[in-house]
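Colleague:
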Amino acid sequence: VRTVGAVVLACAFAGCATIDPAQQAHAIGSVAAEGALLAHDAAEGSSTATFVREHAEALDRKLAGVRRGVDDRRLATIAARVSANLDRLVAAPADEHVAGAVEHDLELAAGEAQELAR
Amino acid sequence: VSKVFGIALGILAAIGGFVDIGDIVFNVAAGATFGYQLVWAVVVGVGGIVTYAEMCGRVAAVSEKAVFDVIRERLGFSVGLFALGAAQLVNLLTLAAEIGGVAIVLQLLSGLSYRELLVLVVVAAGLVLWLMPFQWIERIFGYCGLALLVFVVAAFKLNPDWGSVARGFVPSMGSGDSWVYAYFVVGLVGAAMVPYEVYFYSSGAIEERWRAKDLGLNRANAFIGYAFGGTLSLALMISAGALLLPKGIEADLLGTVALVAQSPLGTIGLLLALIGMLFAISGAAIDSAFAGAYNVSQFFGWEWGKYRHNAGAPRFTLAWIVMLVLAFAIVVTGVDPILVTELSVVFSVVALPLTYTPILLVANDRAYMGSHANGVLGNVFGIFYLLVLLVIAVAAVPLLVVSNMGQG
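Which chain is which? The protein sequence lines are A and B, in order. When we follow my numbering, the leftmost residue of the first sequence carries the number 1, and every step to the right adds one. When we follow my numbering, the leftmost residue of the second sequence carries the number 119, and every step to the right adds one.
1. Considering only C-alpha positions, which residue in the set B:Val-177, B:Gly-384, B:Phe-346 and B:Ile-167 is nearest to B:Ala-481?
2. If you reduce the DSSP assignment to three classes, tell me which class B:Leu-371 lands in.
3. Kindly list, in the order they appear in chain A, the residues whose Cβ is closer than 7 Å to that of B:Thr-374.
4. Would you identify the three-state DSSP class for B:Tyr-154, choosing helix, strand or coil?
5. Could you tell me the boundaries of the alpha helix (DSSP H) in which B:Val-440 lies?
6. Closer than 7 Å between beta carbons: that is the criterion. Which residues of the stretch 355 to 370 of chain B meet it against chain A?
7. Give the interface partners of A:Gln-24 over in chain B, defined as CB-CB distance under 7 Å, in chain order.
8. Can you find a C-beta in chain A that's less than 8 Å from the C-beta of B:Gly-84?
9. For a contact meaning CB atoms closer than 8 Å, what does A:Glu-96 contact in chain B?
10. Is any beta-carbon of chain B found at less than 8 Å from that of A:Ser-83?
11. Give the interface partners of A:Asp-41 over in chain B, defined as CB-CB distance under 9 Å, in chain order.
12. Under a CB-based cut-off of 8 Å, is A:Arg-53 close to chain B?
13. How would you call B:Ile-367, buried or exposed, if buried means at least 16 neighbouring beta carbons within 10 angstroms?
14. Determine whether the Cβ of B:Leu-226 lies closer than 8 Å to any Cβ atom of chain A.
15. Just reading off the alpha helix (DSSP H) that A:His-26 is part of, what are its end residues?
16. Is B:Ala-513 close to chain A? Criterion is C-beta to C-beta, closer than 8 Å.
17. Would you say A:Ala-79 reaches chain B, if we count a Cβ-Cβ gap shorter than 8 Å as a contact?
18. At a Cβ threshold of 8 Å, is A:Gly-100 touching chain B?
19. Whose Cβ in chain B lies nearer than 8 Å to the Cβ of A:Gly-29?
20. Quick check: B:Ile-439 and B:Tyr-170, are their CB atoms within less than 8 Å of each other?
21. Hey, out of B:Glu-216, B:Lys-183 and B:Tyr-261, whose CA is closest to B:Leu-372's CA?
22. Taking the alpha-carbon positions, what's the A:Glu-115 to B:Leu-362 distance?
23. Restricting to Cα atoms, I'd like to know which of B:Val-509, B:Ser-400 and B:Val-270 is closest to B:Val-464.
24. From B:Ile-399 to B:Phe-259, what does the alpha carbon distance come to, in whole angstroms?
25. Using a beta-carbon distance below 8 Å, is A:Ala-58 in contact with chain B?
26. Hey, is A:Thr-37's beta-carbon within less than 8 Å of any beta-carbon in chain B?
27. Do B:Gln-416 and B:Ala-243 have their C-beta atoms within less than 8 Å of each other?
28. Grab me the residues of B:Ala-514's own chain with a C-beta within less than 6 Å of its C-beta, minus the 5 sequence neighbours each way, in chain order.
29. Less than 8 Å between the C-beta atoms of B:Asn-339 and B:Gly-128, yes or no?
30. For B:Phe-302, which of B:Ala-407, B:Asp-138, B:Ala-150 and B:Phe-123 has the nearest alpha-carbon?
31. Taking three-plus beta-carbon pairs below 8 Å as touching, is the stretch 231 to 245 of chain B in contact with the stretch 349 to 358 of chain B?
32. Using alpha carbons as the reference points, say which of B:Ile-324, B:Ala-205 and B:Gly-452 lies closest to B:Leu-472.
33. Put B:Lys-183 into one of helix, strand or coil per three-state DSSP.
34. Using 8 Å as the Cβ pair cut-off and three pairs as the minimum, do the stretch 101 to 114 of chain A and the stretch 38 to 45 of chain A touch?
In structure tokens, the structure reads:
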């Protein structure tokens, strides 16, 4: 019983529970929406370059964790697009034009991912 | 006038020092997931910590006994040792989470590498613990933590539906996944009542040599300081509910918390949020390192207390150094501090009855407390919260598994 309990807990802690495609789509949509919000503030000059770069990197790392388990081709394409946009934000965190373009594309990606999540 | 001023300063420090990484993580995640539906759980948790902090402070002031003196005396050596082991495990996880959290906030401010910042944080915490007098530690981190009031401003600026917020004060079954909802109830109550706060609070009362004449100060700190501190928790939840939920954003990064203040208030909101988080989480790290050292010293009857200076209480000093080193060893492995935070809060819920039961017993013992023993109201609240804690202690770990750590 203790062994089974330990395995169940270890699975829960390590996040090995099954993740269905809707949950994956929701997670990718969440990262895209948050990236868009971050890019919006960056485009308006309402943030610091350090925060934009570091938080975009953190979002990209979170996305990488989700992408590893994605089988759906449409979802994989959206995730790749989100990651590419976050990379652009990391590379040019103080560029308001880049941030504006990233915001637009991430908003679209968030909408598409949320659509797949339904 | 100077006494009133002193009480006001203590209350301000209690407000600024109320929130730690567990409160930040659970309140923002709950707001992003359930909006304002769990406001009532924050109120329950804050009521619990107010009830038991006041009781611990009163017991310490009247009987001159801190929490683990009481636990060993009331539970005996064997059960007390089990309680000590549980408390130390939770303290260690909490400390590891806080150290990791401080490093992440510094990374968001400076852009330096996380691992380098971990080393810097542990060294800085060690220096503060070694060099700074007790009252300075309590006040400096508490006052600077008041920068978190930016989330109160953010909550208003985000213009939430106040009718829905008001409905959140009434307990409900909630919409959405009920296991996740129940997990957040446990997390929010546990984060508010995390045990290191009462270990630190009651030991602090001994450090500051409170006596029966200081019971007014104790009540002011607990009732006003912690209650207003709870408004910071509510502000975090309401801001997240207003900004993140409509956009479908999950909140499992500390940067997301800062974003909640940045979006409505711009760069100044971002900086105040990061500075507030930095001092609130650092203060909690120092409190939990001290709490670990207080517990083990009180249990084994060693000399303890910052007022004795480091050489005057060598085993106490060694105990907090060991706590810091072990916590560093945990986070330097690369484990996610947010994950450690969630585990520490859930496990602390399991350990809470072992901490609070002996306090309730001693607070009722007229041989110790004389005329300052619990009244009817104190017992009604004390017993109610003990029952709440027993229920959530039993439910905590199963909910952790069933809700997939709140992910559904």
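Using N, Cα and C, we set each Cβ at its ideal position, and we do this for glycine too.
Modeller: Let me spell this out:
1. Sequence index remark: in the second sequence, residue 481 of chain B carries index 363 (1-based). B:Ala-481 has its Cα closest to that of B:Val-177, out of B:Val-177, B:Gly-384, B:Phe-346 and B:Ile-167.
2. If you number the second sequence from 1, residue 371 of chain B lands on position 253. Three-state result, B:Leu-371: coil.
3. By one-based count along the second sequence, residue 374 of chain B stands at place 256. Near B:Thr-374 (Cβ distances below 7 Å), the residues of chain A are Glu-34.
4. Working through the second sequence from its first residue, we reach residue 154 of chain B at position 36. Of the three classes helix, strand and coil, the one that applies to B:Tyr-154 here is coil, per DSSP.
5. Numbered from its first residue, the second sequence carries residue 440 of chain B at position 322. Start and end: 432 to 449.
6. Lys-365, Gly-366, Ile-367 and Glu-368
7. The sequence position of residue 24 of chain A within the first sequence is 24, counting from 1. Those within 7 Å of A:Gln-24 in chain B number zero; the least Cβ separation is about 12 Å.
8. The structure shown does not extend to residue 84 of chain B, since chain B spans only 119 to 526, so no value can be given for it.
9. Translated into the one-based positions of the first sequence, residue 96 of chain A becomes position 96. Near A:Glu-96 there are no residues of chain B at all, since even the closest Cβ is about 13 Å away, more than 8 Å.
10. Numbered from its first residue, the first sequence carries residue 83 of chain A at position 83. False, the Cβ-Cβ gap to chain B never drops below 8 Å.
11. For this step, residue 41 of chain A is matched to residue 41 along the first sequence. Those within 9 Å of A:Asp-41 in chain B are Leu-377, Gln-380, Ser-381, Gly-384, Thr-385 and Leu-388.
12. As a working note, residue 53 of chain A is residue 53 in the first sequence. Closer than 8 Å: yes.
13. Within the second sequence, numbered from 1, the residue matching residue 367 of chain B stands at position 249. B:Ile-367 comes out buried.
14. Translated into the one-based positions of the second sequence, residue 226 of chain B becomes position 108. Cβ-Cβ to chain A under 8 Å: yes for B:Leu-226.
15. The count along the first sequence starts at 1 and reaches residue 26 of chain A at position 26. 21 to 43 is the span of the alpha helix (DSSP H), which, as asked, contains A:His-26.
16. If you number the second sequence from 1, residue 513 of chain B lands on position 395. Under the 8 Å criterion on CB atoms, B:Ala-513 is classed as non-interfacial with respect to chain A.
17. Here the question's residue 79 of chain A lines up with position 79 in the first sequence. Residue-level contact check: A:Ala-79 does not touch chain B, since none of the beta carbons of chain B fall below 8 Å from its beta carbon.
18. Within the first sequence, numbered from 1, the residue matching residue 100 of chain A stands at position 100. A:Gly-100 does not count as touching chain B.
19. What you label residue 29 of chain A is simply residue 29 of the first sequence in a count that begins at 1. Gly-366, listed in chain order.
20. Here residue 439 of chain B corresponds to residue number 321 of the second sequence, with the count starting at 1. Here residue 170 of chain B corresponds to residue number 52 of the second sequence, with the count starting at 1. Contact: no.
21. Along the second sequence, read from residue 1 onward, the residue named residue 372 of chain B stands at position 254. Nearest option by C-alpha distance: B:Glu-216.
22. Within the first sequence, the letter at position 115 stands for residue 115 of chain A. Within the second sequence, the letter at position 244 stands for residue 362 of chain B. Their Cα atoms are separated by approximately 18 Å.
23. Position 346 of the second sequence holds residue 464 of chain B. Sorting B:Val-509, B:Ser-400 and B:Val-270 by C-alpha distance to the C-alpha of B:Val-464 places B:Val-509 at the top.
24. Here residue 399 of chain B refers to the residue found at position 281 when the second sequence is read from its first residue. Here residue 259 of chain B refers to the residue found at position 141 when the second sequence is read from its first residue. Answer to the nearest angstrom: the Cα atoms are 9 Å apart.
25. Position 58 of the first sequence holds residue 58 of chain A. Output row for A:Ala-58: interface = yes.
26. Along the first sequence, one-based indexing puts residue 37 of chain A at 37. The sequence given here has Leu at residue 37 of chain A, not Thr. Yes, because at least one Cβ of chain B sits closer than 8 Å to the Cβ of A:Leu-37.
27. Along the second sequence, read from residue 1 onward, the residue named residue 416 of chain B stands at position 298. Along the second sequence, read from residue 1 onward, the residue named residue 243 of chain B stands at position 125. No; because the gap between Cβ atoms is not below 8 Å, this pair is not in contact.
28. Start at 1 with the first residue of the second sequence, and residue 514 of chain B comes out as number 396. Excluding residues within five positions, the ones whose Cβ falls inside 6 Å are Val-304, Val-464, Val-467 and Val-468.
29. In the second sequence, counting from the first residue as 1, residue 339 of chain B sits at position 221. In the second sequence, counting from the first residue as 1, residue 128 of chain B sits at position 10. Contact flag set, yes.
30. Here the question's residue 302 of chain B lines up with position 184 in the second sequence. That would be B:Ala-150, whose Cα lies nearest to the Cα of B:Phe-302.
31. no
32. To locate residue 472 of chain B, count along the second sequence from 1; it is residue 354. When only C-alpha atoms are compared, the closest one is B:Ala-205.
33. Residue mapping note: residue 183 of chain B aligns to position 65 of the second sequence, counting from 1. Correct three-state label for B:Lys-183: coil.
34. Here the stretch 101 to 114 of chain A lies against the stretch 38 to 45 of chain A, with 3 or more beta-carbon pairs under 8 Å apart.
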